[in-house]
Amino acid sequence: MRTVLFGVPQGSVLGPLLFLLYTADLEIIARQFGVEVCLYADYSQKYVFSRPHATEPADEHLLHCLDEIACWTQSNRLSLNPSKTQFMRCATA
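The opening residue of the sequence shown carries number 1 in our numbering; numbering runs sequentially from there.
The structure is reproduced here in structure tokens:
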């Protein structure tokens with residue numbers, strides 16, 4: 001048995017609730033940039049909707065949102081894994 005000096009032990013009953021409270025700011029940040037967010041466990045997906053001829057402003061909103069989230073994770077001593085971060089554009093004519 002080890003003494004936990006900070007954080008929450010993995011597998012604790014309180015862990016999932018504290019994680020949700022801690023990461024709730026991600027949704028708030030995303031909404032400031034007009035970005036939709038889907039959160040599931042420790043996975044999050046951010047997306048924007050736009051017309052095919054107006055993707056540039058949507059891309060800019062999303063990129064600024066990701067920059068702000070990167071700053072937020074750093075200030076909260078969390079890590080953002082760039083190798084697992086993807087940018088995908090889907091549009092119909």
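For every residue, glycine included, the Cβ atom is placed at its ideal position computed from N, Cα and C.
Note that the structure is predicted; figures quoted are calculated from it, not measured.
DSSP places Q74 in the helix class (H, G or I) of the three-state scheme. For C38, the beta-bridge partners assigned by DSSP are Q45. Collapsing the DSSP output to three states places C90 in coil. Annotated three-state conformation of S12 is coil, per DSSP. CA-to-CA, the gap between C38 and P82 works out to about 18 Å. Scanning L80, W72, D42 and F33 for the CA closest to the CA of D59 turns up F33.
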